[in-house]
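Asker: Numbering (this note's numbering), first residue to last: 17 to 203. Ideal placement from N, C-alpha and C gives every residue a C-beta, glycine not left out. Small disclaimer: the values here were computed from a predicted structure and weren't measured. Got a structure here, written out as structure tokens. Questions coming.
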């Protein structure tokens with residue numbers, strides 16, 4: 017049995033195009049969501065996953081309706097395959113119930129993993145180049161060195177509470193403790 021799933025990101029978007037395409041493809045039942053694909057908990061997706069049985073095929077207008085990341089998409093398709101359920105995407109003409117459809121889907125997954133690795137490598141190379149030029153990156157310190165030393169000295173004198181020191185210096189408790197730890201390491 018062909019079961020459809022349609023999703024739009026917001027309430028003001030329209031599902032008609034997707035529902036028409038799924039109906040024309042022969043879907044006996046269509047589940048829908050009006051929620052971002054980035055959300056893990058989508059009621060319509062949860063319902064369709066519970067409804068699907070071995071031998072069924074989940075039909076989508078486009079692959080991006082099922083999930084935003086290809087990693088998530090691959091995990092979902094693997095879960096479906098493990099339950100004997102196929103996936104059909106109308107727009108991309110992918111049908112995992114056929115050998116060629118599974119091949120195309122896995123090629124897409126391999127390309128996505130390759131792209132993620134390239135991005136990771138480029139990011140690491142950029143960070144290493146910045147470090148070589150003396151740039152550390154990260155969030156700047158809330159206080160300059162003199163004020164950090166003052167905060168640590170106030171803490172060590174034990175005349176003020178931690179909360180009072182944080183209020184005086186306009187910093188959070190974790191920031192104060194981080195400054196104390198840094199001062200202990202350099203001492």
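When you compare the CB positions of residue 23 and residue 40, do they come within less than 9 Å of one another, or not?
Answerer: No, the Cβ-Cβ distance between residue 23 and residue 40 is not below 9 Å.
Asker: What three-state label does DSSP hand residue 22 in the structure shown?
Answerer: Of the three classes helix, strand and coil, the one that applies to residue 22 here is strand, per DSSP.
Asker: Counting C-beta neighbours from all protein chains within 10 Å, is the total for residue 167 16 or more, i.e. buried, or is it exposed?
Answerer: Under this definition residue 167 is a buried residue.
Asker: On the three-state DSSP scale, how would you describe residue 45?
Answerer: Residue 45: strand per DSSP, three-state reduction.
Asker: Start and end of the alpha helix (DSSP H) containing residue 142?
Answerer: Looking at the DSSP string, the run of the alpha helix (DSSP H) that includes residue 142 is 115–148.
Asker: If you follow the beta strand (DSSP E) that residue 104 is part of, which residue opens it and which one closes it?
Answerer: Taken as a continuous stretch (DSSP letters only), the beta strand (DSSP E) holding residue 104 covers 102–105.
Asker: Report the rounded CA-to-CA distance for residue 128 versus residue 118, giving the unit in angstroms.
Answerer: Whole-angstrom Cα-Cα distance: 15 Å.
Asker: Using a Cβ-Cβ cutoff of less than 6 Å, which residues in the same chain neighbour residue 25 once the five nearest sequence positions on both sides are dropped?
Answerer: Same-chain partners within the cutoff: 52.
Asker: So for residue 68, helix, strand or coil by DSSP?
Answerer: Three-state DSSP puts residue 68 in coil, outside helix and strand.
Asker: Between residue 93 and residue 65, what straight-line distance do the alpha-carbon atoms span, to the nearest angstrom?
Answerer: Rounded to the nearest angstrom, the two C-alpha atoms are 11 Å apart.
Asker: Quick check on residue 114: buried or exposed, where buried means 16 or more other Cβ atoms within 10 Å of its Cβ?
Answerer: Burial call: exposed.
Asker: Give the secondary structure of residue 51 by DSSP, where H, G and I count as helix, E and B as strand, and everything else as coil.
Answerer: Looking at residue 51 - three-state DSSP - the assignment turns out to be coil, as it is neither helix nor strand.
Asker: Would you identify the three-state DSSP class for residue 111, choosing helix, strand or coil?
Answerer: Three-state DSSP puts residue 111 in a strand.
Asker: With burial defined as no fewer than 16 other Cβ atoms inside 10 Å of the residue's Cβ, what is the status of residue 104: buried or exposed?
Answerer: With 16 or more Cβ atoms within 10 Å of its Cβ, residue 104 is classed as buried.
Asker: Check the DSSP bridge columns for residue 75 and list the partner residues they point to.
Answerer: Bridge partners of residue 75: 20 and 104.
Asker: Do the region 157–167 and the region 182–199 make contact, defined as three or more Cβ pairs closer than 8 Å?
Answerer: Verdict: yes, contact present.
Asker: Quick check for students: name the residue ranges of the alpha helix (DSSP H) that lie wholly in the region 155–179, counting only runs of 4 or more.
Answerer: Taking only runs of at least 4 residues, the alpha helix (DSSP H) segments lying wholly in the region 155–179 are 161–173.
Asker: Under 6 Å Cβ to Cβ from residue 48, same chain only, skipping five residues before and after it: list those, please.
Answerer: Excluding residues within five positions, the ones whose Cβ falls inside 6 Å are 22, 31 and 60.
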